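First up is the structure itself, then whatever we jot down about it.
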Amino acid sequence: MFSKISTFRQRIQKQRHKSSTPIGSHYPGNEDVRSVRSIQTFFLPKSPLSDQFAYGTSTSPAASQASVDSSILSSATFPDDPHRSSSVQVDEIDTRNHELLPYQDAEELFLEEHEGYFAHLWIDKVRKDQYPKLDLQKLVYLDYATAPLYSRYQVEKHMKFLLQDAEPWASRINSTNNSLPQDADYINATSNRLLNLFNTTEKDYTIIFTPDLSSTYRLFAEMHPFHKGTVLLVNEDNHEYIHDITCFAQRSGSKILSSLLRNRDFCIQSSEMHRLLVRRGWTGLGRGLLVYPAQSHFSGVRHSLNWIIEAQQNGWKVCLDVSICVPCIEIDLSLYQPEFVIGSLFHVTGYPSGVGFLFVKRNSHSVCREKETNHLKIAEVPENGRTVRTVGESEGLATQTFAALCFGLEHLETLGTAYIQTRVDSLMSWLIDTLKSLRHKVEQKPLLKIYGPLDAKHRGSILVFDVLDSTGNALSAGLVRRVAERSNIILGIGRLSNSNLAFPSNKKLERKTTMKTVVRLSLGPVSTFEDVYRLAQFLACFRNEDYISAEALGYVEEYTDDC
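At position 412 of the sequence shown (counting the first as 1) the number is 412 in the UniProt record's numbering, and the numbers step up by one without a gap.
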């Protein structure tokens with residue numbers, strides 16, 4: 001009996017003989033995407049890590065793009081079947097690790113167990129066409145939380161806009177100036193696509209754009225009507241920028257409380273959170289404001305959106321941070337409707353990096369402007385004025401920025417966040433099951449310590465862990481990342497705990513002020529089974545004590561040379 005994947009490959013081979021359509025000429029939902037063989041690369045947004053990685057060459061990603069010869073790219077060999085769920089030939093993968101099944105067997109078993117992933121193998125074809133450098137350099141990229149990738153389609157469309165359509169004076173837009181019709185078109189398109197991404201409309205939410213996530217937090221802190229008697233309930237898992245909100249709340253005389261996390265898995269302590277939400281007598285003007293993230297920036301834990309409903313039922317307003325979620329976690333604002341949503345398009349589109357946004361629910365709050373200062377403020381009355389397109393902060397944002405964001409969101413729509421989440425959940429489930437089973441050769445002690453819950457249900461796209469030696473001591477996260485780079489695997493560094501919730505005036509919040517450095521992997525829209533298999537294969541090498549000793553010595557020598 002043929003396996004599912006074998007049958008699938010045979011069917012695709014037959015289809016290829018019937019059609020001469022080139023790879024990448026189109027994919028579901030977007031007939032405008034074309035395969036341009038002259039630009040065979042993927043792109044990284046500017047970040048502190050971008051220039052450190054050579055990705056198999058001696059130059060940075062941007063330099064690699066410029067230096068790659070088009071004739072070499074044109075002659076690059078791809079697997080015969082564009083719908084394979086992996087991009088490296090089977091005979092190129094080392095299967096000598098006895099704790100892992102041979103690659104093809106593992107892949108077929110994975111596809112049989114994860115029907116959702118199997119149903120969306122066409123995304124692998126998008127990866128080949130839109131992010132070809134991943135395959136050309138046989139790169140395993142697992143650091144989307146630090147520097148998300150952006151597609152060739154986004155860059156080509158934006159380049160065409162800049163060269164042919166953009167006005168040369170490049171107007172900047174803010175909430176007070178009169179923008180050009182072209183500006184309005186791209187602001188409208190961007191805001192509509194962004195609202196659609198969260199399954200909501202401009203009838204439900206007003207949007208305020210800002211230059212970055214930090215600006216969004218600061219703007220929200222300045223706009224929100226904190227006053228004496230207000231309660232601000234934060235969480236140990238909040239982003240470090242929560243400090244802006246807590247400072248404003250403190251100065252206004254608000255009471256600040258923190259809900260705690262469980263030590264064993266970093267999930268919210270349900271009983272403690274429930275106790276805080278239902279407690280009587282906080283204030284006569286509503287209980288206050290709850291601010292928490294849908295996914296942890298630190299551990300990757302996915303927090304329940306049901307806290308929104310419980311908080312609102314008990315008189316709280318809710319501000320939800322979605323900055324690290326989309327596009328790998330689907331957030332449906334038609335089901336859950338917090339009063340405020342804070343986020344960043346950095347992880348949504350990858351290009352241009354930084355732009356932040358704030359959603360304000362229209363049926364409960366309105367955005368107005370103070371006559372004396374011209375500053376934006378949030379009023380607790382329904383919004384009857386402008387629906388969206390208010391751009392925050394005096395410096396404003398350029399029209400070109402909104403054009404680029406629009407193209408990025410357009411590309412993301414062709415993939416679909418529901419499909420992306422299905423794939424990411426499948427890969428994360430396999431990763432957790434596989435990594436927690438890895439053991440040292442000596443005494444069969446665990447090879448890894450995974451932080452957070454060990455079930456994919458409470459996981460997002462991020463997994464943090466330590467590699468342990470045979471004595472149970474954690475290896476340096478920097479060592480593991482550096483050794484992974486030699487195998488063309490890009491990992492990130494994470495820091496557990498959040499010291500930003502330590503307020504001198506509130507002793508109850510002075511908990512966990514130390515930061516632990518750990519290895520962090522983060523999946524993205526085009527992550528594949530081959531990516532996670534190669535990671536597991538690499539980590540299994542640490543079962544060998546001699547391998548650890550040799551790599552640690554090399555790491556120390558490199559570190560000394562760098563210093």
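Glycine included, every Cβ here is placed at the ideal spot set by N, Cα and C.
Keep in mind the model is a prediction, meaning the values are calculated, not measured.
Three-state class that DSSP yields for residue i in the structure shown
| i | result |
| --- | --- |
| Phe359 | strand |
| Leu260 | coil |
| Gln269 | coil |
| Asn544 | coil |
| Thr517 | strand |
| Arg482 | helix |
| Val318 | strand |
| Ile308 | helix |
| Arg251 | helix |
| Asp537 | In the sequence on display, residue 537 carries Gln and not Asp. Note: Gln537 maps to helix in three-state DSSP. |
| Ala398 | strand |
| Ser344 | strand |
| Ile490 | strand |
| Tyr186 | helix |
| Leu376 | strand |
| Phe298 | coil |
| Leu197 | helix |
| Arg275 | helix |
| Ser191 | helix |
| Ser366 | strand |
| Ser549 | helix |
| Val532 | helix |
| Tyr292 | strand |
| Glu92 | With a pLDDT of 49 at Glu92, under the threshold of 50, the modelled position of this residue cannot be trusted; read the value that follows with caution. Helix at Glu92. |
| Asp466 | strand |
| Ala76 | Confidence at Ala76 is low in this model, with a pLDDT of 32, below 50, so the placement of that residue should be treated as unreliable; the coordinate-derived value is given next. Correct three-state label for Ala76: coil. |
Other residues of its chain near residue i: CB distance less than 7 Å, five sequence neighbours each side excluded
| i | result |
| --- | --- |
| Cys267 | Leu261, Val301, Pro453 and His458 |
| Val532 | Leu427, Trp430 and Leu431 |
| Asn379 | A quick correction: the sequence has Ala, not Asn, at residue 379. So the list reads His365, Ser366 and Cys368, once near-sequence residues are dropped. |
| Thr201 | Leu195 |
| Ile331 | Phe198, Ala294, Val322 and Cys325 |
| Ala189 | Cys406 |
| Asn314 | Leu277, Val278 and Arg287 |
| Lys157 | Phe407 |
| Glu370 | Lys377 |
Closest by C-alpha distance to residue i, when choosing among the options
| i | options | result |
| --- | --- | --- |
| Glu339 | Ser426, Thr414 and Asp321 | Asp321 |
| Leu219 | Trp307, Gly524, Leu358 and Glu167 | Leu358 |
| Asn199 | Arg127, Arg486, Ser334 and Leu277 | Ser334 |
| Arg495 | Asp237, Tyr533, Ala484 and Thr190 | Asp237 |
| Asp546 | Lys317, His440 and Lys157 | His440 |
| Ser476 | Glu443, Gln444, Ser461 and Lys516 | Lys516 |
| Arg251 | Gly229, Lys436, Lys203 and Asn363 | Gly229 |
| Tyr292 | Gln337, Leu415 and Ile242 | Ile242 |
| Ser304 | Gly315, Cys325 and Leu289 | Cys325 |
| Phe542 | Glu202, Leu435 and Glu530 | Leu435 |
| Ile329 | Ser366, Gly460, Val381 and Ile187 | Gly460 |
| Glu167 | Trp316, Tyr186 and Glu156 | Tyr186 |
| Leu415 | Ile308, Gly478 and Val526 | Val526 |
| Leu232 | Glu240, Val318 and Met223 | Val318 |
| Ala106 | Ala456, Asp433, Asp455 and Ile548 | Asp433 |
| His297 | Tyr336, Leu535, Val442 and Asn235 | Asn235 |
Sequence-distant residues of its chain with Cβ nearer than 8 Å to residue i (five each side left out)
| i | result |
| --- | --- |
| Ala221 | Asp244, Ile245, Cys247, Phe248 and Ala249 |
| His227 | Ser252, Gly253 and Ser254 |
| Leu438 | Glu99, Pro446, Leu447, Leu448, Ala536, Leu539, Ala540 and Arg543 |
Chain-order list of residues whose beta-carbon lies under 6 Å from that of residue i (same chain, five-residue window excluded)
| i | result |
| --- | --- |
| Asp466 | Lys449, Ala474 and Val518 |
| Asp80 | Because Asp80 carries a pLDDT of 36, less than 50, the predicted location of this residue cannot be relied on, and the following value inherits that uncertainty. Taken in chain order, the list of residues that qualify is empty. |
| Leu521 | Leu142, Leu463 and Leu491 |
| Phe110 | Trp430 and Phe529 |
| Asp265 | Gly452 and Pro453 |
| His224 | Ile378 |
| Tyr336 | Leu305 and Ile308 |
Residue i beta carbon near the ligand FAD (any heavy atom closer than 7 Å)
| i | result |
| --- | --- |
| Val326 | Among the components of this structure there are no ligands whatsoever, and the ligand FAD is therefore not found. |
Specify whether the segment 342–350 and the segment 148–156 touch according to this definition: at least 3 beta carbon pairs, one from each stretch, less than 8 Å apart.
yes
Restricting to runs no shorter than 4 residues, where is the alpha helix (DSSP H) found entirely within the segment 403–452?
417–435
In chain order, each alpha helix (DSSP H) run of at least 4 residues that lies wholly inside the segment 199–233
213–223
Can you confirm whether the segment 112–130 touches the segment 419–438 when touching is taken to mean that 3 or more C-beta pairs between the two stretches lie within less than 8 Å?
yes
Please determine if the segment 398–407 and the segment 157–164 are in contact, where contact requires at least 3 C-beta pairs separated by less than 8 Å.
yes
Let me know the alpha helix (DSSP H) ranges lying completely inside the segment 110–169, each 4 residues or longer, listed in chain order.
115–119, 122–130, 133–136 and 152–160
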